[in-house]
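Structure first, commentary second.
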Amino acid sequence: MVKRRVSDSIGVVQGRYRQELFICQFSDMVNSKGCLWSGGDPFAFSLPLVLAQLIFIFFVTRITFFLIRPLKQSMVSAQLIAGVFMGQSGLCRNRAFAALMFPPRGRMVLQTVADLAFMFHLFVLGIHVDPTMVKRAGRNAMLIGASSFALPFVLGCLASYTLPHLAVVDEATAHLLPYVAVLNSASFFPVITSLLGDLKILNSEIGRIATLASMVTDICIYVIFVIGTTINSSASYSKWNGALCIAWIGTFLIVVVFAVRPFVQHIARTIPEKGSMKESQFLVVAMIVLICGFVAESLGQPAALGTFILGMVVPEGPPLGSSLVYKIDSLCTGLLLPAKFAISGLAMDIFAIGKGKSLLGVEAVIVLGYFGKFAGTLVPAVHFGVPFRDALSLALIMCCKGIIEASLYIGLRDNGIITNEAYALLLITMLVITGALRPLIWYLYDPSRRYLGYRTNSIQHLDPTSELRIQVCIHNEDNVPSIVNLLEASNPSRRRPISVFVLNLMELKGSAAALLVPTHNRRGKAKLTSLPSRTEHISNAFNIFAHRNQGSVAVQHFTSIVPYATMHDDICTIGMEKGVNIVIVPFHKQWAIDGTVGANFPAIRMVNQQVLYKAPCSVGILVDRGQLADNQQILFGHSFFRVTMLYLGGPDDDEALAYCSRMLEHPHISLTLVWLRHSSGNIDNSVESDTIRWFKANNIGAERVSYKEEVVKDAVGTTQVLRSLEHNCDLCIVGRDHEQSELTLGINEWIECPELGFIGDMLATSDYSFSLLVVQQIPPGTEFMNSHSLKPVSSSYYSSSGKYSHRSGFGSFG
């Protein structure tokens, strides 16, 4: 058998824009058919070659990301750096390696696969976009976004016009300068939200401003793109081509919005609320994606742009949006998309960049665009009242580039609009500036800084007859009955009213923009339509509670849709802005009927831990085992609802006892205070805390109140006391940390949930059947501030009218 080693022949011909390689390949060189056994070369065939390329690109990209991730760099940066490393600036400088792994004949197949992956990736990014956010953008956010686009665009255009008159610039460079000016003016929404998500500031104040501003710049850049396409078509062919181009683009948009969108929404309505989409439904949507890409490509627009527009009309979030993201994102983004940027690196040789005045002029225009972007964001933000440090962070965020800009650079280079050297300058400048800004933003901006310095009144330091402000957090509908009945047990009355702030927490899925709005705000319904029944059920339950206690309870509803990693920020923000005294959060475990753990949510545990560490008020973690879910006992008093307060000493126990004192006047609640004392202490008033003395003076001897002092000498005695509570308690309330460590010495060696403290962790095990509330007071040493005099310098909030405003005059942002 004769081995055929030659698989193609290569020559140079004049292409559409420049001289290009012309490759002739044998038609049967697709599948290797086991040529390795006969001494053949698998890399001479198309399919084995592209598979080997994808494998190699994947591992190089992942290793690069692993190395640069500690520097707060993104996967896109890793893909671009890996592409440069694999290209002519790195491994492909070795001709033998280049001929083996990336021969010219293999690039077309790889690029086709990469473009298909990029098309689906843009579709996924489009799903993340909520176009209705533009309606919610306030005047100031729109002005910041417009200024962030306009200033770099004007400076870039002026530089493009004046540079040829000031220096010797060749025709190719003069032609590409306007494109450079336009590209540097953009801050694309998917890029900005991806950056915010990576840095965990998506739902921060600056994150929401950057999200809205980037949407404004997206609209501006798309308008400029359509105008430029129209002018180019008119100049290249005929004056009517521009009008026809706009007409066809408009027709495409109309069809997508008024024909495709209702059809996709119909598919979404057929998916069960907690179910998954069928394979047939997924295939239908995938086929629509391919059709939109084909139509856009036929109209002279990038295929990825057509799929991105389709993605924007797909209902975001569960069940449809999140299902599509789940099915498409891993394969296209994780495995196939890196090939897009590997190809970009193959065509770039940084060692071949010239040093003439023309390229210096190009770099000057690029840098001027970044400066215009920075100044165009910073100046209006400071003007509208954003603190300088936050405005600086916002300006740096808007200067960052990502996957959309990189793909545009690649497209302009492939179409011959910009030269290889200009492409290299754009890409390298983007990598350097964005790579430097990401860790700087992470260092400068901490969203928790605005509420870590403020503390509201704890319950202990609150006047007993003043309004108690409670914030309750709901992760799912199962949390509602127990929390409602805990509020009922808190004894709201006209003399001691309660204000309740209900925060309905949802994980951000299939969307890129975090949301924090009052539930009754109609402008927020665009995001909430995916789970209307849950929102309505939760609201109705608390509204019924408020109606039952009319005149003594006021309820406000909020909905937060954010990633779990930053969910605590919205909890703490509402707590600060509303002057909350205590935040009640559900425990991350839920019990089954037989007393075992039925569900465990580690993400909720992470949220609780962050709230304990950063909350500007007291925090209560509610461990519900079913007693609180039955409101008959508390409401109608068939028997007393038995509350036990376990006191060991310390600020947290004082806070817990103060909360128990609020329950005493409820006619259907009995309270038992158990004071654990060390045997070495003298039983006299000298060791009693002020809280204990106050409680004994005002409540001992009252009906439904009992008081016990248990003298123990070690953790064994403490455990025995805890065991004695099992059959005489429905709800146990205890502080998180305690002063008398001798009573818990040894217990801490077996602690499983430190967020509950030593005693709380023991009571939360399956050995006990009663419900538990663990209370943490505001950290000691912090200055307490009255909720009515709380005036943060740079905080923003969502008022009851749904208008996003700022207490220092920052205006409206949504």
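Read left to right, the sequence shown gives residues 1 to 814 (UniProt numbering). All C-beta atoms, glycine included, are put in the ideal place defined by N, C-alpha and C. Predicted model only: the values in this text are computed from it and were never measured.
- Taking each of ALA697, PRO481, PHE542 and ALA364 in turn and checking the Cα distance to LEU425, the smallest one comes out for ALA364.
- Listed in chain order, the non-local C-beta contacts of LYS713 below 6 Å within the same chain comprise SER679, local neighbours out to five positions each way being set aside.
- In this structure, VAL643 lies near SER670, with their beta-carbon atoms less than 8 Å apart.
- Spatial neighbours of HIS568 in its own chain (CB-CB distance under 7 Å, excluding positions within 5 residues in sequence) are listed in chain order as VAL607, GLN610, VAL611 and LYS614.
- The beta carbons of ILE267 and LEU324 sit about 10 Å from each other, so the pair does not count as a contact at 8 Å.
- By the neighbour-count criterion, in which 16 or more other beta carbons inside 10 Å mark a residue as buried, HIS128 falls on the buried side.
- Here the segment 440-454 lies against the segment 384-396, with 3 or more beta-carbon pairs under 8 Å apart.
- Across the structure, ALA656 and ASN581 are spaced so that their CA atoms are roughly 12 Å apart.
- ARG455 has its alpha-carbon roughly 35 Å from the corresponding atom of VAL721.
- Counting C-beta pairs with one atom in each stretch, the segment 367-387 and the segment 337-352 have fewer than three that are closer than 8 Å, which means they do not touch.
- With a cut-off of 8 Å on Cβ pairs, the segment 144-152 is not in contact with the segment 116-135, counting fewer than three such pairs.
- Within the segment 56-134, the runs of alpha helix (DSSP H) that reach at least 4 residues and sit entirely inside it are, in chain order, 75-86, 95-101 and 104-128.
- Pairwise C-beta distances place the segment 60-74 out of contact with the segment 295-313, as fewer than three of them are shorter than 8 Å.
- Using a Cβ-Cβ distance cut-off of 8 Å, the segment 141-149 and the segment 199-216 are in contact, since at least three pairs of beta carbons, one from each stretch, lie closer than that value.
- In the three-state scheme derived from DSSP, where H, G and I count as helix and E and B as strand, ILE582 is classed as strand.
- According to the DSSP secondary-structure assignment, GLN460 is paired through a beta bridge with no residue.
- Check the Cα spacing between ILE221 and each of VAL284, PHE189 and CYS245: the tightest is with PHE189.
- Separation of TRP591 and ASP690 (C-alpha to C-alpha, rounded to the nearest whole angstrom) is 37 Å.
- For LEU503, the uninterrupted beta strand (DSSP E) segment begins and ends at 498-507.
- Scanning the UniProt domain "Cation/H(+) antiporter C-terminal" (643-777) from its first residue to its last, the whole beta strand (DSSP E) runs of 3-plus residues come out as 669-678, 705-712, 731-735 and 771-776.
- Between the alpha carbons of PRO103 and THR434 lies a distance of about 31 Å.
- The DSSP-derived three-state label of THR573 is helix.
- By the criterion of a C-beta distance shorter than 6 Å, ALA296 is surrounded in its chain by ALA303, LEU305 and GLY306, once the five residues flanking it on both sides are discounted.
- Distance check between VAL285 and each of GLY250, VAL256 and ALA247 places VAL256 closest, using alpha-carbon atoms only.
- For the pair of segments examined, the segment 155-166 was found not to touch the segment 399-411: the number of CB pairs separated by less than 8 Å stays below three.
- For GLN556, the enclosing beta strand (DSSP E) stretches over residues 553-562.
- Listed as beta-bridge partners of ILE246 by DSSP are no residues whatsoever.
- The three-state reading of DSSP puts ASN420 in helix, counting H, G and I together.
- Nearest Cα to ALA99 within the set PHE43, LYS509 and SER298: PHE43.
- Around the Cβ of MET506, a 10 Å sphere holds 16 or more other Cβ atoms; the residue is buried.
- Contact annotation: the segment 44-52 does not touch the segment 328-338, with fewer than three C-beta pairs closer than 8 Å.
- Closest in alpha carbon position to GLY735, among ILE759, THR566 and LEU335, is ILE759.
- Counting the other Cβ atoms within 10 Å of the Cβ of VAL472 gives 16 or more, which makes it buried.
- The beta carbons of ILE571 and VAL583 sit about 6 Å from each other, so the pair counts as a contact at 8 Å.
- Burial check for TYR161: the Cβ neighbour count within 10 Å stays below 16, so the residue is exposed.
- In the DSSP assignment, VAL216 forms no beta bridge with any residue.
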